[in-house]
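Take a look at the structure set out below.
Chains as they are written, first to last, in our numbering: chain H, 66 to 291; chain D, 186 to 482.
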């Protein structure tokens, strides 16, 4: 669950990135966060992952109040999230299996848990035959699937995907979005940041649009124009 | 630290040394260079200290005994001197006036001036060794105050000179080793920071997956410790070689007739222990400092 209550963010250089954002995302929802470049989408993601703090207002993520979260609590909060990036951010020198083990190891998972969970997740994203492949041997779509598997492997309550199809062609983008929809149907809350209008319009989901740091639309489905 | 994690940290520490071979090599070289500079200076200080200790051993003063004192009174006086806490109890020796005369005339036996010199010219005396040279003057004053001590002869200036030289050498050694250690730490931290910079993306991924600072930091610290121990081992053998070569050159040049250099074989265990400890601390702390900036994600 995400709650943003009258959130403002002003950076040290004086840029006002967010101006009084109110947003509530319930468990199990699928939400597109859309808006042009510089609208404040990335700032919202950074607030939700506790990379930065709000200048004003309250930010609550999966029960953690990020306004007064202690430094030692941040890793525990992040374990409730799975994060997917536009540029995949895979470790090139590790295999697919290695990348997933790496993510599980960081949260203290045992070898037995890894042996059980990793094949399941790879099967879910359709990469069960690629466990031993290295990222640079795979296509962009496959690499993004690995990134999704990595986000899923620790069984998070919510996935935040920051432009997950930004580096993919339309066909692969559709595949990835369909996969995210399938994961959402299994109960994981999904927040997808994108500026791909066609993709957003193709899926009938809740769309939250922001522009110049202000929320300008929050509605279920419907046609969205960037 | 869970057992599982400890194994993981050690494995990661080793594997990252080999996967960033050039940076690891640079870090080891820096540690070797810093330890050899520190080690050379420390060995110089140890040798100076040893030389001063040898000179101190020979340091003593004389207390002249009242001429009217009987043998029993002299024995009692010696006991009183031994009771003074800075006096070495085994270092209090009675020298009779006859013995003193014999010592005085050594080398002058054929000199006509001293031929009929009467025994009474010199007095009975006590030769007294002090334990702590820094309290030399204070001890002389204590002995002087005892009844039966008619006079004394003490080279206070020499004793004070030894103390000053020793204190200066110790202070200089501590300051220089401290500065060198700080510089080493700074250089190692920056070398490891360069190695870490290439892995900042990896660290960011770990942090986004929910890794704690400790989980991210430990493999780097283990890596630093391993590099430190490797550097210390190489530095130890090089130091051994350099020290032996310098000793050899000084012996050939005849300098060892003036002073004795300590044999490396007598102190190799201490040197190795200090090197390994210093290398580990420099490597571990350097890594800890280097990684700090990258944890701010």
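Backbone N, C-alpha and C define an ideal beta-carbon position, used for all residues, glycine too.
What you are looking at is a predicted structure, and each value in this text was computed from that prediction instead of being measured.
Neighbour-count burial assignment, residue i, 16 or more Cβ in a 10 Å radius
i, result
"residue 193 of chain D", "buried"
"residue 251 of chain H", "exposed"
"residue 83 of chain H", "buried"
"residue 289 of chain D", "exposed"
"residue 245 of chain H", "buried"
"residue 377 of chain D", "buried"
"residue 144 of chain H", "buried"
"residue 360 of chain D", "exposed"
"residue 367 of chain D", "exposed"
"residue 195 of chain H", "buried"
"residue 207 of chain D", "exposed"
"residue 306 of chain D", "exposed"
"residue 303 of chain D", "exposed"
"residue 249 of chain H", "buried"
"residue 420 of chain D", "buried"
"residue 472 of chain D", "buried"
"residue 383 of chain D", "exposed"
"residue 147 of chain H", "buried"
"residue 76 of chain H", "exposed"
"residue 186 of chain D", "For residue 186 of chain D, the predicted model reports a pLDDT of 45, less than 50, meaning its position is unreliable; a value from the coordinates is still stated below. Result: exposed."
"residue 437 of chain D", "exposed"
"residue 451 of chain D", "exposed"
"residue 364 of chain D", "exposed"
Between the CA atoms of residue j and residue i - distance to the nearest angstrom
i, j, result
"residue 228 of chain D", "residue 354 of chain D", "12 angstroms"
"residue 98 of chain H", "residue 80 of chain H", "21 angstroms"
"residue 280 of chain H", "residue 86 of chain H", "6 angstroms"
"residue 204 of chain D", "residue 408 of chain D", "12 angstroms"
"residue 279 of chain D", "residue 342 of chain D", "24 angstroms"
"residue 372 of chain D", "residue 209 of chain D", "13 angstroms"
"residue 291 of chain D", "residue 324 of chain D", "30 angstroms"
"residue 221 of chain H", "residue 478 of chain D", "28 angstroms"
"residue 174 of chain H", "residue 195 of chain D", "17 angstroms"
"residue 103 of chain H", "residue 278 of chain H", "8 angstroms"
"residue 466 of chain D", "residue 218 of chain D", "15 angstroms"
"residue 178 of chain H", "residue 164 of chain H", "15 angstroms"
"residue 152 of chain H", "residue 375 of chain D", "29 angstroms"
"residue 329 of chain D", "residue 319 of chain D", "17 angstroms"
"residue 269 of chain D", "residue 415 of chain D", "51 angstroms"
"residue 283 of chain H", "residue 272 of chain H", "6 angstroms"
"residue 135 of chain H", "residue 257 of chain H", "27 angstroms"
"residue 321 of chain D", "residue 345 of chain D", "8 angstroms"
"residue 270 of chain H", "residue 106 of chain H", "18 angstroms"
"residue 217 of chain H", "residue 186 of chain H", "7 angstroms"
"residue 314 of chain D", "residue 250 of chain D", "16 angstroms"
"residue 119 of chain H", "residue 132 of chain H", "7 angstroms"
Extent of the continuous alpha helix (DSSP H) to which residue i belongs
i, result
"residue 398 of chain D", "398–437"
"residue 464 of chain D", "449–477"
"residue 265 of chain D", "256–268"
"residue 249 of chain H", "235–250"
"residue 288 of chain D", "282–290"
"residue 480 of chain D", "No alpha helix (DSSP H) contains residue 480 of chain D, which DSSP labels as neither H nor E."
"residue 384 of chain D", "Element bounds for residue 384 of chain D: n/a, residue is neither H nor E."
Reference residue i, options the options, closest by Cα
i, options, result
"residue 457 of chain D", "D:467, D:424 and D:435", "D:424"
"residue 219 of chain H", "H:286, H:192, H:255 and H:172", "H:172"
"residue 347 of chain D", "D:362, D:244, D:266 and D:298", "D:244"
"residue 208 of chain H", "H:68, H:221 and H:190", "H:190"
"residue 259 of chain H", "H:100, H:70, H:153 and H:74", "H:100"
"residue 228 of chain H", "H:217, H:125 and H:262", "H:262"
"residue 332 of chain D", "D:253, D:450 and D:465", "D:253"
"residue 393 of chain D", "H:193, H:111, H:91 and H:68", "H:111"
"residue 448 of chain D", "D:398, D:232 and D:201", "D:232"
"residue 214 of chain D", "D:230, D:417 and D:326", "D:417"
"residue 225 of chain H", "H:90, H:136 and H:160", "H:90"
"residue 255 of chain H", "H:149, H:188, H:240 and H:180", "H:149"
"residue 335 of chain D", "D:349, D:356, D:357 and D:311", "D:311"
"residue 317 of chain D", "D:237, D:256 and D:459", "D:237"
"residue 468 of chain D", "D:327, D:461, D:413 and D:475", "D:413"
"residue 481 of chain D", "D:390, D:439, D:411 and D:404", "D:390"
Beta strand (DSSP E) segment containing residue i, residue limits
i, result
"residue 331 of chain D", "Looking at the DSSP string, residue 331 of chain D is not in any beta strand (DSSP E), and its letter there is neither H nor E."
"residue 255 of chain H", "254–259"
"residue 223 of chain H", "223–227"
"residue 339 of chain D", "Counting along the chain, residue 339 of chain D falls outside any beta strand (DSSP E), and DSSP gives it neither H nor E."
"residue 83 of chain H", "81–90"
"residue 247 of chain D", "245–250"
"residue 262 of chain H", "Premise fails: residue 262 of chain H lies in the alpha helix (DSSP H), 262–267, not in any beta strand (DSSP E)."
"residue 68 of chain H", "67–75"
Give the list of continuous beta strand (DSSP E) stretches no shorter than 3 residues that lie fully inside the segment 292–329 of chain D.
310–315
Taking the runs of the alpha helix (DSSP H) that are 4 residues or longer, which of them lie wholly in the segment 94–125 of chain H?
106–113
What runs of the alpha helix (DSSP H), each 4 residues or longer, lie entirely inside the segment 129–209 of chain H?
139–143, 161–171 and 176–189
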